[in-house]
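Undergrad: First to last, the protein sequences are chains C and B.
Just add 4 to wherever you are in the first sequence, counting from 1, and you've got our numbering.
Just add 726 to wherever you are in the second sequence, counting from 1, and you've got our numbering.
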Amino acid sequence: MSTPLSQARTQFPRLAEAAVERARLTVVPRRTQKAPRVPFVSLVSLLLVTGVVGLLLFNTSMQQSSFVATSMEEQATVLAAKEESLQMQLEQLRDPQRVATRAKRMGMVPASSPAFIRLSDGEIVGKPLPAEPADGMRINPLPTAKPKSLRPDPVIVEIEQPKAVRKADRKSDRAEAASANRADAERGNRDEAREAGTKKQKPQQSQGRTR
Amino acid sequence: MTQGTRPRTPGPSSPGPSRPRRRPARGAALVRLRVGFILIAMVVSVFGARLFQLQGIDAKAYAARAEAVGLETVTLPATRGTITDRNGAPLAESLDGLMITANPTLSAPDAGPIAKIVASRLDVDYFEVLERLRKPDTQFQYIARRVPATEARAVVAEIENRGYTGIDTERDPVRAYPAKDVAANLLGFMGTEGEPLAGFELIFDDLLSGKDGSATYEMGGGQKLPLGDNSVVAPENGSDLQLTIDRDVQWYTQRVLREAVQGSGGESGAAVVLDTRTGETLALADHPTFDANEPMLSSPADLGTRSVSDVYEPGSVEKVLTAAALLDAGKVTPETKIPVPAELPRQDRVIGDYWDHGRLRLTLTGVIAKSSNIGTVLAADEFSPEELHGYLSSFGLGQKTGSGIPGESRGLLPAWEGWSQINQDTISFGQGVSVNALQMATAVNAIANGGVLVQPSLVEGSATTSDGTEVGTDTTTARRVISERAARQTAEMMEAVTDPEEGTAPAAAIEGYRVAGKTGTAQRVGEECQCYDGTFTVSFAGFAPADDPRFLVYVVVQDPKNDGGGGSIGGPAFHKIMSYLLRKYAVPPTGVPAPDHPLEW
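(1) Determine the chain B residues that contact C:Ile143 at a beta-carbon separation under 8 Å, and present them in chain order.
(2) From the DSSP output, read off the bridge partner residues of B:Gln867.
(3) Give, in chain order, every unbroken run of the alpha helix (DSSP H) that is at least 4 residues long and sits entirely within the segment 1041-1090 of chain B.
(4) From the beta carbon of C:Ala20, is the nearest beta carbon of chain B less than 8 Å away?
(5) Under the assumption that B:Pro1275 contacts B:Ala1169 (Cβ atoms under 8 Å), give the Cβ distance between them as a whole number of angstroms.
(6) Under 8 Å: do the segment 960-975 of chain B and the segment 803-812 of chain B share three or more Cβ pairs, one atom per stretch?
(7) Please confirm if the segment 1020-1027 of chain B is in contact with the segment 1191-1201 of chain B, defined as three or more CB-CB distances below 8 Å between the two stretches.
(8) Using the beta-carbon of each residue, which ones in chain B are nearer than 8 Å to C:Met92?
(9) Measuring alpha carbon to alpha carbon, tell me which of B:Ala1299, B:Ser1129, B:Val1185 ends up nearest B:Val1281.
(10) Taking DSSP as the reference, what is the three-state secondary structure of B:Ala1272?
(11) Beta carbon of B:Gln1073, beta carbon of B:Gln1157: below 8 Å?
(12) Any Cβ of chain B within less than 8 Å of the Cβ of C:Asp195?
(13) Counting only beta-carbon separations shorter than 8 Å, does B:Gln988 have a partner in chain C?
(14) Whole-angstrom Cβ separation of B:Gln1256 and B:Tyr1038, contact assumed at under 8 Å?
(15) What does a CB cutoff of less than 8 Å around B:Val850 pick up in its chain, not counting 5 residues either side in sequence?
(16) Is B:Ser1129 helix, strand or coil by DSSP?
(17) For B:Trp1145, does the count of other Cβ atoms within 10 angstroms reach 16, so buried, or fall short, so exposed?
(18) Looking at B:Glu1221: is its Cβ nearer than 8 Å to the Cβ of B:Lys1096?
(19) Closer than 8 Å, CB to CB, is B:Ala1049 near chain C or not?
(20) Reducing DSSP to helix, strand and coil, say where B:Pro922 ends up.
(21) On the DSSP letters alone, give me the boundaries of the alpha helix (DSSP H) that C:Glu88 sits inside.
(22) Which runs of the alpha helix (DSSP H) at least 4 residues long sit entirely within the segment 1255-1311 of chain B? Give them in chain order.
(23) In terms of residue numbering, what span does the alpha helix (DSSP H) encompassing B:Thr1216 cover?
(24) Run the CB neighbour count on B:Glu854, radius 10 Å, all protein chains shown included, and call it buried at 16 or more, exposed below.
(25) Could you say which of B:Trp1327, B:Met1304, B:Pro1324, B:Thr1316 lies nearest to C:Ala115 if we only look at CA atoms?
(26) Less than 8 Å between CB atoms is the rule here; does C:Leu133 satisfy it with respect to chain B?
(27) Buried or exposed: where does B:Gly925 fall if 16 or more other Cβ atoms within 10 Å of its Cβ makes it buried?
(28) Show which residues of chain B have a CB atom less than 8 Å away from the CB atom of C:Ala107.
(29) Look up B:Met916 in the DSSP assignment and give the residues it is bridged to.
(30) So with CB distances below 8 Å, who are the chain B contacts of C:Phe120?
(31) Can you confirm whether B:Lys1287, when its beta carbon is compared against all beta carbons of chain C, has any partner nearer than 8 Å?
(32) Can you pull the DSSP bridge partners for B:Phe778?
(33) Going by other Cβ atoms of all chains shown within 10 Å of its Cβ, with 16 needed for buried, is B:Val1318 buried or exposed?
(34) Can you find the residues in the same chain that come closer than 8 Å, C-beta to C-beta, to C:Gly130, ignoring five residues on each side of it along the sequence?
(35) Measure the C-alpha to C-alpha separation of B:Arg872 and B:His1301 and round it to an integer number of angstroms.
(36) Could you check whether the Cβ of C:Gly130 sits closer than 8 Å to any Cβ belonging to chain B?
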């Protein structure tokens, strides 16, 4: 039929004709075996949908936790600040000045001489002395002195003591209290004077004077 | 068969008839291809041009704009370290704080109610706030500064809830000193912008301040973007500083000192409490002092540490150093007999005692107990100037103590080469030399500590000051100044000072305890005339229990007006502080009877 083939045939001896016949290439018919498409498509769409939905959920949850983190951080800051200020309040309550003020208001004074009880034999070490009002100390600064112009001399009016004093009279009670106060004050002054007196020393003007 | 199985598709060798049919198709593809290429090239070149414009021409401007849109950087503030006392009680602490600010252009209409809320909840003046809220021609006014964050937020929330505007907050850290004036002289204080201005706050600032960090993240709609850029540099908080001060002892000492200074009409005063064995300073008090929370309410002169910055002549307290040196050199014993004349002419001066007496026959113990200048001068004649100077300078006179307190002065001990006879005489009883209170306390403490001088310390452990010096209990040095025997004998002599009949300071005695001490009443060099102006420095240094000392207390009052001396002003203050210490630290009396050195012969 076609010329090249016949030429080949003529050129080669017919020896290999059978082999050539056998070796002739033929086209394999197309396989028309069709795989079912549905599972594949549904698998892919399933993957796609799960992926997208999953990503969306993941993102949402990330966002959500980011919100939570932010608000919790804020809360932590607020709570830390609160803790700090409560701590500061506690320290203000523990302030020795405040404690001393309260103790003084309850009538307490520091003890003058330390003494201990030895627990092993119950013996008292040191000489315990009762604490006295004189042991008390001033815990607040002296008020600033007023200038002279604001300190008028006290006006002293002397009145005669009434002859009949009724016992139930409030005035007499008050007077008693006042005189007791005065007596206290006087005693205090005397104590101070005595203390000062024992240590008062004559000043001397010579060089290198020292006590 | 061969025919039927041949492929239908024509190969390259297929004959002609199919060619004319396929040529136009191939041409169309080529055309499509070329058109496509051109289109793509055009699009890509547009992209390229845009890329060049963005990256090449003004990349920085765009980058900056991009950052400005999404990125947010916040400073993560480092917390300033706490300063605590020896037991961990805070003396200075930092709080998260806010300042409340106002924009008067917005707040003016509601100024009344806003001011009412602010003034009722914070410590500010209603009328001042009102004025600031209404201030014309400004958009920024401070309403309250250094408010603890919780309080500030509550106030601002209330204002906003009521629907008022123009109020905002900004970070403004609070430095709080919960014990107010306690140890304020040591701690120093902070300025309005949170910068350290004095004291330990200033010299340990490198240690305390720490380093601010920062956080950068992308923001969207007021929230952090979860997967956005995010970088955090964590802040380095400042280190804490622990002092050897005991807050309660410091408080008590300050109150006793204030009572002593105010009670005597004194100008100022200082008190030192040392742990005898370790040199740890349990209290270092100054009066007048200030409230570290409100330093500006006090006079600038009161904001320092007078006890180490101011020098004065120590007076008779210094006699114990002379006596201890004489004992150490083996030149005297506590019972050495010294004939004391009524007055002693030396060079062109006459040395006298504070009380008039005829010729006295005192032992060295008697000289110390009665604080006789003449007796001390006669005893010190055993020394050459070089020897006395050597001892006094090894007691630390004329040198800094190395405690680390800023502004410490070294005092003055004149070089012995220039001493005349009268110089040596006055120096032997504490005039003509000057010291600061901590220095003098340290010197006397060497006697209490068995002859070993320990450097006083104020910082527990160790800390580096801003000038690079390491201070603290870890770096404390100790050196022997006098023999243990000389120290013990001096302490025994000092016990006679608190003797109820013979001593100069019976008020310093503590019932049941052996107390060693020495009074001092020195002439004071006035600031104006630079000469002795008739004012005095009175002081008392003592330690207890005398035979096994635990604490040393030194009290100094400058210029008392009540004609008192070291025994009557310093003595009672010493008594109170020492009793408190012995009780607080549970130091029982030793129970060993005191030796009875005769005072006279």
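C-beta atoms are modelled at their ideal positions from N, C-alpha and C, and glycine is treated no differently.
TA: Result, derived from the coordinates:
(1) Arg981
(2) B:Ala828
(3) 1045-1054
(4) no
(5) Wrong, their Cβ atoms sit about 14 Å apart, outside the cutoff.
(6) yes
(7) no
(8) Glu819, Leu821, Pro874, Ala902, Pro904
(9) B:Ala1299
(10) coil
(11) no
(12) Confidence at C:Asp195 is low in this model, with a pLDDT of 41, below 50, so the placement of that residue is unreliable and no value is reported for it.
(13) yes
(14) B:Gln1256 to B:Tyr1038, Cβ: 14 Å. No contact.
(15) Val844, Ile869, Ala870
(16) coil
(17) buried
(18) no
(19) no
(20) strand
(21) 41-98
(22) 1297-1310
(23) 1210-1221
(24) exposed
(25) B:Met1304
(26) yes
(27) buried
(28) None at all; the shortest Cβ gap to chain B is about 12 Å.
(29) B:Pro922
(30) Ala1312, Pro1314
(31) no
(32) According to DSSP, which records beta bridges pairwise, B:Phe778 is partnered with nothing at all.
(33) exposed
(34) Ser117, Pro118, Ala119, Phe120
(35) 41 Å
(36) yes
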